[in-house]
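Numbered according to the numbering used here, the sequence shown spans residues 1206 to 2352.
Glycine included, each C-beta is placed from N, C-alpha and C at the ideal position.
Okay, so here's the structure we're looking at.
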Amino acid sequence: MSVPDYMQCAEDHQTLLVVVQPVGIVSEENFFKIYKRISSVSQISVRDSQRVLYIRYRHHYPPENNEWGDFQTHRKVVGLITITDCFSAKDWPQTFEKFHVQKEMYGSTLYDSRLFVFGLQGEVAEQPRTDVAFYPGYEDCGTVEKRIEDFIESLFIVLESKRLDRATDKSGDKIPLLCVPFEKKDFVGLDTDSRHYKKRCQGRMRKHVGDLCLQAGMLQDSLVHYHMSVELLRSVNDFLWLGAALEGLCSASVIYHYPGGTGGKTGARRFQGSSLPAEAANRHRPGAQEVLIDPGALTTNGINPDTSTEIGRAKNCLSPEDIIDKYKEAISYYSKYKNAGVVELEACVKAVRVLAIQKRSMEASEFLQNAVYINLRQLSEEEKIQRYSVLSELYELIGFHRKSAFFKRVAAMQCVAPSISEPGWRACYKLLLETLPGYSLSLDPQDFNKGTHRGWAAVQMRLLHELVYASRRMGNPALSVRHLSFLLQTMLDFLSDQEKKDVTQSLENYTSKCPGTMELITLPDGLTLPPVPFTKLPIVRRVKLLNLPASLRPQKMKSLLGQSMSTKSPFIYSPIIAHHRGEERNRKIDFQWVQGDVCEVQLMVYNPMPFELRVENMGLLTSGVEFESLPAALSLPAESGLYPVTLVGVPQTTGTIAVNGYHTTVFGVFSDCLLDNLPGLKTSGSTVEVIPALPRLQISTSLPRSAHSLQPSSGEEVSTNVSVQLYNGETQHLVVKLENIGMEPLEKLEVTSKILTTKEKLHGDFLSWKLEETLAQFPLQPGKVATFTVSIKVKLDFSCQENLLQDLSDDSISVSGFPLCSPFRQVVRPRVESKPVNPAEGSRPGDLGHVKTLEAILNFKYSGGPGHIEGYYRNLSLGLHVEVEPSVFFTRVSTLPATSTRQCHLLLDVFNSTEHELTVSARSNEELILHAGECQRMAIQVDKFNFESFPESPGEKGQFANSKELEEERQEARGLEINSKLDIHWTIPSLKRTGEASVEGLLSQLVLEHLQLAPLLWDVLVDGQPCDREAAACRVGDPVRLEVRLTNRSPRSVGPFALGVVPFQDHQNGVHTYDLRHAVSFVGSGTFYLDKVRPSGQSACLGALLFLCTGDFFLRIRFHEDSSSKGLPPSWFRLPSVHVRALGAPA
């Protein structure tokens, strides 16, 4: 016997072997269709008995194995079923002859046979025959199963007769010696009359009867016969048959203990009848005793026809532990015989299956290790494959997964051995796939993201390389690419630098013919290979969704409803709210993207390869919103470290978009890498809301861009910065072009400005504009441009603390330190002590004032399109950097009285701090020319101001916290009013630049008092004409009417007053003449009386004078000292001097 049956199990010892074979030419499909139906009848209950008969079918069985039928009866072919096609009666004799030839192959052992003929009809088919069955076709054969049952019953009849015949053999000492084929030559010439020979014959026959009883369904009888056989054969050292008897004993015990079988067959065998003891609960009781044999029960020839006594005393069979011990003993006996290698191997396999059920893996592995080293004849390649595959399955059965995988891989390599003319690469590939679980290897890359690496990486890489090679030899390049990609992705950490280069080069060669995809690959056997995304090429450590640039970020318009729906909680901390907010942060980011705008996601990537990594077609994977990804290509240097990569795309619709991952093409393999599958990834969230489209505004200005980037304290970002250099007081017009570069119309625009914190005091409006003309061009369609003009006016402080001019103290009479006769314009040399040591430095404008800086932000708030309907807008900021150079300074300001009480002279010391010639002009004054670094004094005649007439704002008292602030505000308002009346301008002709010069903030309280109208206004009229501007003319001899009017602007009543008029002449040399009795005469009294005047009231008194000669006369009006004028300030009683020119009478 040279062909082992690796599927043998212990319960096969109770089966009858039936061979089913075709006769002639029968299609494989038809044959196995009938074979399947025949093999479905694997057990039947014997009529009039509780015994069950089991059948084992084979469609191929070597005849040399049949020669071992006496050694173990389950190896004997006792039934033959043949299947043939016959379509005509003339072919029938030849077909029947072939059937007889087939029977002769197993003729010595056959109990019965059957021939199934398909396709033959007519007279021949109608003849009744017991050994032949005719069927019209393979579809019309409903009685096949019934005929098989009848056939099995016929086998049972023969089997039972043989069992009874052997058990009741009365031939005395003539018991034949049963032999295995290789023993026959060894027994030639032996003494057949010796006691030793007789015991050998008895023991072998007793063992043979035990086999027949086991096949006939008499389990307890077989146990008795096996025990007797063991005792007899042990006494004569017949080791081969002793091993067979022990194996039979083990098989019967296994059948008793494990009714479900040990071969893993579907459906448990159910034993019936009295052969199973009632105390089945004790079948697994350890320490069960063997059956006791009474030697006196044996007859002369050793076989007692009545075994009821033995059956009655057989309380139990072998225990589960004893079964294994007996298997070991039997196998040790088999090993003594070289020709019994197949029997020894099959016994090992049976013991392993039993141990697998008992979960005794280590002992099972010893049996398997013994089976590996059993030396059989020279096996064919197919037999080797079968042997290694069975060893693999058995190791898998006992839980030795890696050992199982080892033998499975050996079987796979055997499929493509060099000695095979046509290597079976598909079978090799299939077996290699089956080895993967044993090496802790899965073809799903997701399994390698869970914790530490499992298994031996070196072995796994070797196996993956073999899968790649096998799939290539199969002619399936897509499969090769998938396995090589898997190798590179999962084993990257274990590859050396050289191996990384070799694997990637091989992968590029494969993908040049068949690019790698993300599609499932389904194998013919139904196994699917999941896609392998390259999440490590490159490695992504961080993913961050970027907000839009500051100029494009949408903002929600605040509403009363939104403010009332505040999420603020009255509690300082709430774990519910905190938990909710944490989840929200993980799910959705607190900024928005805009439909139609380019959005960015930043990835921090790392190249683990020792060479430059080229990544092509890298883009985003999103869901929830239609998204146009704009792929990028990048090249990462070798072992680059963390490297930022920005991926962009455009959302086409609105809603909530989730960034699920990214896609790449590396080494020709297209990968979809999901963020959920990236180990060690840091992300602040991957979901963001996309709002409806908004217009995009781009601004350009007439000014150059600034190198200074403004940084507002509020954290806002300024998109554009421009700069301009102006002289103090200069005004510049900034033209801003507003271009709609988006796809939506620009419908709304609001402009605001913000001056950044500055130490400088600004006067007037720094930035001003008119938006009406710009809004008239709205809505601004895409691609259109609108203009917007902003006036930049810089008016900083024009004061200077240094007094560069000499005090004019030549005249004795002065007001506020200035002479009464000071001219309107006077050039005065600078003070000697204030002159710089280096004259060249004194001419530089920076000596009195350095360049000052003003910064402001113009904020454009705009909206339009669908986003405007949803209440969103955008902000665009323009940063303005203004460098202010000093123009002119007012180093000193004072006043002089004028001829009219309602006017005065304002004296200004003006210093040109520029490097250019400069002209200064005021309202109704001629220009004053100042050279670079020159200081001159100018006088401006101004009307006095009625400051009390300024209206007080309703919120003024509440706006200012104290009287000091209120007074400062009023003083600023007075300065503004005075400055508007003065209208001082400067011009630099060489640069064609002009600007204003402001006295705001320069006027002291004393100067303001001089510029303010007194509470009592006195007017003197000569002949009804005011006399405060020029001399009044009259004729000698004509009476001149003199009128004095008083207007009370004070809050209280004043008066009465008495005024005296004193005429005199001024000789312009300091000499005044008061004795004018012969030149001037009063008509009436020379004293004028004014009654009491109420607040806001007026009063007047009249008188007349007569001039007796020609000349220039002056009238001084004096107040009489009385109680009514006491307590009032002297400044309330300033009356203008009266100049009268008396002319001669006309000829």
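Residue-chain proximity (residue i, chain C), Cβ-Cβ < 9 angstroms
i: Tyr-2294; result: The structure shown contains no chain C; it holds only a single protein chain.
Assigned exposure category for residue i - 16 Cβ within 10 Å defines buried
i: Cys-2314; result: exposed
i: Glu-1155; result: Examination of residue 1155 is not possible in this model, given that the chain is present from 1206 through 2352 alone.
i: Glu-1817; result: exposed
i: Arg-1256; result: buried
i: Arg-1319; result: buried
i: Gln-1800; result: buried
i: Asn-1812; result: buried
i: Leu-1596; result: buried
i: Phe-1323; result: buried
Nonlocal neighbours in the same chain, by C-beta distance under 7 angstroms from residue i, ignoring five residues either side
i: Asn-1882; result: Gln-1651, Asn-1654, Thr-1740
i: Ile-1528; result: Cys-1455, Ser-1458, Val-1459, Val-1559
i: Ser-1434; result: Gly-1408, Arg-1411, Lys-1412, Gly-1415, Ala-1450
i: Pro-1298; result: none
i: Asn-2184; result: Ser-2203, Val-2204, Glu-2205
i: Lys-2356; result: The structure shown does not extend to residue 2356, since the chain spans only 1206 to 2352, so no value can be given for it.
i: Gly-1629; result: Cys-1620, Val-1621
i: Leu-1976; result: Val-1956
i: His-2283; result: Leu-2313
Within 9 angstroms, strictly: CB atoms of residue i and residue j
i: Gln-1219; j: Ala-1457; result: yes
i: Ser-1958; j: Ser-1756; result: no
i: Val-1745; j: Leu-1808; result: yes
i: Leu-2085; j: Val-2098; result: no
i: Leu-1445; j: Gln-1407; result: no
i: Leu-1902; j: Glu-1952; result: no
i: Gln-1226; j: Leu-1285; result: yes
i: Phe-2324; j: Gly-2265; result: yes
i: Glu-1935; j: Arg-2198; result: yes
i: Arg-2179; j: Leu-2208; result: yes
CA-to-CA distance, residue j to residue i, given in whole angstroms
i: Val-1940; j: Ala-1837; result: 39 angstroms
i: Tyr-1538; j: Leu-1700; result: 51 angstroms
i: Glu-2088; j: Pro-1900; result: 34 angstroms
i: Ile-1243; j: Gly-1422; result: 21 angstroms
i: Phe-1476; j: Gly-1465; result: Bear in mind that a pLDDT of 38 at Phe-1476, under 50, signals an unreliable position, so the model cannot answer this.
i: Tyr-1343; j: Glu-1309; result: 27 angstroms
i: Ala-2238; j: Asp-2280; result: 21 angstroms
i: Glu-1627; j: Met-1679; result: 12 angstroms
i: Asn-2130; j: Asp-2188; result: 10 angstroms
i: Val-1223; j: Pro-1209; result: 17 angstroms
i: Leu-2320; j: Gln-2176; result: 37 angstroms
i: Glu-1704; j: Leu-1689; result: 12 angstroms
i: Ile-2079; j: Val-2204; result: Checking the displayed sequence, the identity of residue 2079 turns out to be Arg instead of Ile. Cα to Cα, Arg-2079 sits roughly 41 angstroms from Val-2204.
i: Leu-1742; j: Pro-1950; result: 44 angstroms
i: Leu-2307; j: Pro-2261; result: 15 angstroms
i: Val-2382; j: His-1868; result: Only positions 1206 to 2352 of the chain appear in this structure, which leaves residue 2382 out of reach.
i: Thr-2104; j: Glu-2235; result: 9 angstroms
i: Gly-2361; j: Met-1666; result: For residue 2361 there is no data in the structure shown, the boundaries of the chain being 1206 and 2352.
i: Gly-2275; j: Tyr-2294; result: 31 angstroms
i: Val-2298; j: Glu-2060; result: 56 angstroms
Sequence-distant residues of its chain with Cβ nearer than 6 angstroms to residue i (five each side left out)
i: Tyr-1532; result: Cys-1455, Ala-1556
i: Phe-1796; result: Asn-1752
Sequence-distant residues of its chain with Cβ nearer than 8 angstroms to residue i (five each side left out)
i: Leu-1668; result: Arg-1614, Leu-1637, Thr-1640, Leu-1641, Tyr-1644, Leu-1646
i: Ser-1570; result: Tyr-1600, Ile-1603, Phe-1605, Lys-1608
i: Val-1363; result: Val-1283, Tyr-1316, Asp-1317
i: Glu-1358; result: Ile-1249, Val-1251, Arg-1252
Report yes or no: do three or more beta-carbon pairs, one from the stretch 1844 to 1859 and one from the stretch 1684 to 1697, lie closer than 8 angstroms?
Contact between the stretch 1844 to 1859 and the stretch 1684 to 1697 is absent: fewer than 3 CB-CB pairs across the two stretches fall below 8 angstroms.
Whether or not the stretch 2055 to 2068 and the stretch 2184 to 2195 are in contact is what I'm after, with contact meaning three or more pairs of Cβ atoms, one per stretch, closer than 8 angstroms; do they touch?
Contact between the stretch 2184 to 2195 and the stretch 2055 to 2068 is not established, with fewer than three Cβ pairs separated by less than 8 angstroms.
So does the stretch 1821 to 1833 actually touch the stretch 1918 to 1936, counting three or more Cβ pairs closer than 8 angstroms?
No contact exists between the stretch 1821 to 1833 and the stretch 1918 to 1936.
Are at least three pairs of beta-carbons, each pair with one atom in the stretch 2117 to 2126 and one in the stretch 1964 to 1973, less than 8 angstroms apart?
Using a C-beta cut-off of 8 angstroms, the stretch 2117 to 2126 makes no contact with the stretch 1964 to 1973, since fewer than three inter-stretch Cβ pairs fall below that distance.
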